[in-house]
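Chains as they are written, first to last, in my numbering: chain Z, 1073 to 1273; chain C, 17 to 377.
Glycine included, C-beta positions come from ideal geometry on N, C-alpha and C.
Here's the structure, in structure tokens; my notes come after.
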């Protein structure tokens, strides 16, 4: 099984036997890998019924639903990890979603495309048009990605929500990005957040 | 050791008598209850899939109905190469307690009596249906089910199985169903019961012969409308006239009513609709549906977007409760123009979901 590079990084964060909720799990590639390799107790939430069917056919416990509405149905602290991979930029209320996920799970893993990568900056600066990238290929008027952010933006939001950064990793395409100026050189970021108040307790 | 299973106990159109009286939720003890059933595939107590039928269904799930000669009611889902495959599973289906296809119901004659129960048949519940099935499976030597599968009232039974006998159910598949009957569900059922009781041949439920067939036909007509979507009715009939003064849709409903009374008993209809109306799984748990379930059971819940009888919100309430209790649950709302009846039809996406889920057990 070949996982997308940010999913490989996420999978590495998840310990054996963890209880995991994957929000926007698609056909369940990550959940299936984590079940087979890490023996997790996994659940998924996915909007597209065809993808839910495919995930269920893999033997995964995936429910069809809209994270913006249906996360409210999950009990508090029911999971060790909640995963939001390449999805936050399409959420109507990214802050509210992060807050919900930190209620549901002890740790929240988020991967997202960095809109401050130099190629994006250059496209806007030189081309004068909304940038299109491999991760964000759609035109501005029909993209599902309505809440694009940069690495700096994401850290500011996490802090404002009272979420601490447990770890941060960066990718430049499929390979790890060197740590220097990630907001300029990383295409993708993978964060593990946890509630600061919980940690103090 | 389970009792040895006789070959004569397996196959199509079988019936056995339960050795012990059934203690019903009402407190009444029902002695000599019979269960009529069909089995498909080789006897395999470790690989058994129980199918629960809907309100007016019966045990002929994947083989011709022995009374009407019509194909089995769920051949779309049950058969070789289908999601519930008798070449891979031991598949069972029984007529519910209170039914009229061979299991004990109002038209059965009690032991030692000369007349059928009629109005004297005790009130039954969905739980009673499940306990009768459990007692029947004991006789066959099936201790634990790989899965219980049902749509509509069959889904209610699957939920009740998982709630009442969780140690005997590894997984439950609940299609187009609900964990309780809504006021609207009860209201439509009462229209049907009132139609039956308004029939001059009703006689308080103690009728001879066919009984209140006109009232029963009207009950079926009203119920049939609830099984279809507005869009399905419009697409199929619109405002087309069959002949002067009669719309196609009227003729269709009368036909449905007339066919139904050939195969169904009015007292059974009343007993089973009352069992469904009384159904509320959360009730015995202080109103908490989450406490009705065990986290050890796996669930697959399916709804249809055009089903207004058991709308998706009811399935979501089940899913919410299962999430709260930590049970592994899969849920999908499928798209269909056919309303509640969609669960009976051959839908590739329904086959994919149910087949995939059962295949992963």
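How big is the Cα-Cα spacing for residue 282 of chain C and residue 1127 of chain Z?
Along the second chain, one-based indexing puts residue 282 of chain C at 266. Along the first chain, one-based indexing puts residue 1127 of chain Z at 55. Separation of residue 282 of chain C and residue 1127 of chain Z (C-alpha to C-alpha, rounded to the nearest whole angstrom) is 44 Å.
From the DSSP output, which residues share a beta bridge with residue 1136 of chain Z?
Taking the first residue of the first chain as 1, we reach residue 1136 of chain Z at position 64. According to DSSP, residue 1136 of chain Z bridges with Z:1118.
Classify residue 131 of chain C as helix, strand or coil using the three-state DSSP reduction.
To locate residue 131 of chain C, count along the second chain from 1; it is residue 115. Reduced to three states, the DSSP call for residue 131 of chain C is coil.
Quick check on the DSSP output: what are the complete beta strand (DSSP E) runs of length 3 or more inside the stretch 1146-1183 of chain Z, in order along the chain?
1151-1157
Separation of residue 74 of chain C from residue 1238 of chain Z, as counted between CA atoms:
If you number the first chain from 1, residue 1238 of chain Z lands on position 166. If you number the second chain from 1, residue 74 of chain C lands on position 58. Straight-line Cα distance between these residues: approximately 58 Å.
Reduced DSSP category for residue 162 of chain C - H, G, I as helix; E, B as strand; rest coil
For the purposes of this step, residue 162 of chain C is taken as the residue at position 146 of the second chain. Reduced to three states, the DSSP call for residue 162 of chain C is coil.
Got a sec: which bits of the stretch 342-357 of chain C sit with their beta carbon under 8 Å from any beta carbon on chain Z, in order along the chain?
342, 344, 345, 346, 347, 348, 349, 350, 351
Between which two residues does the beta strand (DSSP E) containing residue 50 of chain C stretch?
By one-based count along the second chain, residue 50 of chain C stands at place 34. Looking at the DSSP string, the run of the beta strand (DSSP E) that includes residue 50 of chain C is 50-56.
DSSP on residue 75 of chain C, reduced to helix/strand/coil?
Here residue 75 of chain C refers to the residue found at position 59 of the second chain. Residue state, collapsed to three classes: coil.
Report yes if the C-beta distance between residue 1152 of chain Z and residue 1203 of chain Z is below 9 Å; otherwise report no.
Sequence index remark: in the first chain, residue 1152 of chain Z carries index 80 (1-based). Sequence index remark: in the first chain, residue 1203 of chain Z carries index 131 (1-based). Cβ atoms of residue 1152 of chain Z and residue 1203 of chain Z: not closer than 9 Å.
Taking Cβ-Cβ distances below 8 Å as the criterion, which residues of the stretch 359-374 of chain C are in contact with chain Z?
Listed in chain order, the positions of the stretch 359-374 of chain C with a beta carbon within less than 8 Å of a beta carbon of chain Z are 365, 368, 369, 371, 372, 373.
7 Å Cβ shell around residue 1142 of chain Z - same chain, five flanking residues per side excluded
Position 70 of the first chain, counting from 1, holds the residue named residue 1142 of chain Z. Cβ neighbours of residue 1142 of chain Z beyond the five flanking positions: 1117.
So, with DSSP's three-state summary, where would you put residue 1239 of chain Z?
Start at 1 with the first residue of the first chain, and residue 1239 of chain Z comes out as number 167. In the structure shown, residue 1239 of chain Z sits in a strand (DSSP, three-state: E or B).
Would residue 292 of chain C and residue 169 of chain C be called neighbours here (beta carbons separated by less than 9 Å)?
For the purposes of this step, residue 292 of chain C is taken as the residue at position 276 of the second chain. For the purposes of this step, residue 169 of chain C is taken as the residue at position 153 of the second chain. Yes, these two residues count as a Cβ contact at 9 Å.
Say yes only if the C-beta of residue 105 of chain C is nearer than 8 Å to one or more non-hydrogen atoms of the ligand SAM, and no if none qualify.
This structure does not include the ligand SAM; it has no bound ligands of any sort.
Quick check: what's the CA-CA separation for residue 226 of chain C versus residue 119 of chain C?
Here residue 226 of chain C is taken as the residue at index 210 of the second chain, counted from 1. Here residue 119 of chain C is taken as the residue at index 103 of the second chain, counted from 1. Distance between the alpha carbons of residue 226 of chain C and residue 119 of chain C is about 18 Å.
Inter-residue Cα distance where the pair is residue 1199 of chain Z and residue 242 of chain C:
For the purposes of this step, residue 1199 of chain Z is taken as residue 127 along the first chain, with counting starting at 1. For the purposes of this step, residue 242 of chain C is taken as residue 226 along the second chain, with counting starting at 1. The straight-line gap from Cα to Cα measures roughly 59 Å.
To the nearest angstrom, how far is it from the Cα of residue 1172 of chain Z to the Cα of residue 1133 of chain Z?
Position 100 of the first chain holds residue 1172 of chain Z. Position 61 of the first chain holds residue 1133 of chain Z. Each residue's Cα considered, the two are about 20 Å apart.
Inter-residue Cα distance where the pair is residue 154 of chain C and residue 77 of chain C
Taking the first residue of the second chain as position 1, residue 154 of chain C is located at position 138. Taking the first residue of the second chain as position 1, residue 77 of chain C is located at position 61. Approximately 21 Å, taken between the alpha carbons.
Straight-line Cα distance separating residue 206 of chain C from residue 117 of chain C
Numbered from its first residue, the second chain carries residue 117 of chain C at position 101. Numbered from its first residue, the second chain carries residue 206 of chain C at position 190. The C-alpha of residue 117 of chain C lies about 23 Å from the C-alpha of residue 206 of chain C.
Which of the three DSSP states is assigned to residue 1250 of chain Z in this structure?
For the purposes of this step, residue 1250 of chain Z is identified with residue 178 of the first chain, where counting begins at 1. Note: residue 1250 of chain Z maps to coil in three-state DSSP.
Just reading off the alpha helix (DSSP H) that residue 334 of chain C is part of, what are its end residues?
The residue labelled residue 334 of chain C in the question sits at position 318 within the second chain. Residues 328-341.
Identify the contact partners of residue 1135 of chain Z in chain C, using a Cβ-Cβ distance below 7 Å as the criterion.
Translated into positions along the first chain, residue 1135 of chain Z becomes position 63. Neighbourhood of residue 1135 of chain Z in chain C, by CB distance below 7 Å: 335, 345, 346, 347, in chain order.
For residue 1076 of chain Z, the three-state DSSP class (helix, strand or coil)
To locate residue 1076 of chain Z, count along the first chain from 1; it is residue 4. Of the three classes helix, strand and coil, the one that applies to residue 1076 of chain Z here is coil, per DSSP.
Which one or two residues does DSSP pair with residue 167 of chain C in a beta bridge?
Looking up residue 167 of chain C in the second chain gives position 151. In the DSSP output, where bridge partners are listed per residue, residue 167 of chain C has C:191.
Secondary structure of residue 96 of chain C, DSSP reduced to three states:
The residue given as residue 96 of chain C occupies position 80 in the second chain. DSSP, read as helix, strand or coil, puts residue 96 of chain C in coil.
Pick helix, strand or coil for residue 223 of chain C, following the three-state DSSP scheme.
Working through the second chain from its first residue, we reach residue 223 of chain C at position 207. Coil at residue 223 of chain C, not helix or strand.
Under three-state DSSP, which class holds residue 364 of chain C?
Residue numbering aside, residue 364 of chain C sits at position 348 when the second chain is read from its first letter. Residue state, collapsed to three classes: helix.
Measuring CA to CA, which of Z:1260, Z:1138, Z:1075, Z:1166 is closest to residue 1206 of chain Z?
Residue numbering aside, residue 1206 of chain Z sits at position 134 when the first chain is read from its first letter. For residue 1206 of chain Z, the nearest C-alpha among the options comes from Z:1260.
Can you name the start and end residues of the beta strand (DSSP E) that residue 67 of chain C belongs to?
Taking the second chain and counting its residues from 1, one reaches residue 67 of chain C at position 51. Looking at the DSSP string, the run of the beta strand (DSSP E) that includes residue 67 of chain C is 64-68.
Give the single residue among Z:1109, Z:1264, Z:1083, Z:1226 whose Cα lies nearest to the Cα of residue 1185 of chain Z.
As a position in the first chain, residue 1185 of chain Z is number 113, starting the count at 1. Looking at Z:1109, Z:1264, Z:1083, Z:1226, the one whose alpha-carbon comes closest to that of residue 1185 of chain Z is Z:1226.
Are the stretch 191-199 of chain C and the stretch 319-334 of chain C touching, with three or more C-beta to C-beta distances below 8 Å?
yes
I want to verify the contact list: residues of chain C whose CB lies under 7 Å from the CB of residue 1131 of chain Z, in sequence order.
The residue labelled residue 1131 of chain Z in the question sits at position 59 within the first chain. Here the neighbours are 376.
Using the Cβ count rule (16 or more neighbours within 10 Å means buried), how would you classify residue 23 of chain C?
Numbered from its first residue, the second chain carries residue 23 of chain C at position 7. It counts as exposed.
If you drop the 5 nearest sequence neighbours on each side, which residues of the same chain put their C-beta closer than 8 Å to that of residue 186 of chain C?
On the second chain, residue 186 of chain C is found 170 positions in, with the first residue counted as 1. Only 160, 161, 162, 163, 313, 314, 377 meet the Cβ criterion.
Is residue 30 of chain C helix, strand or coil by DSSP?
The sequence position of residue 30 of chain C within the second chain is 14, counting from 1. Strand.
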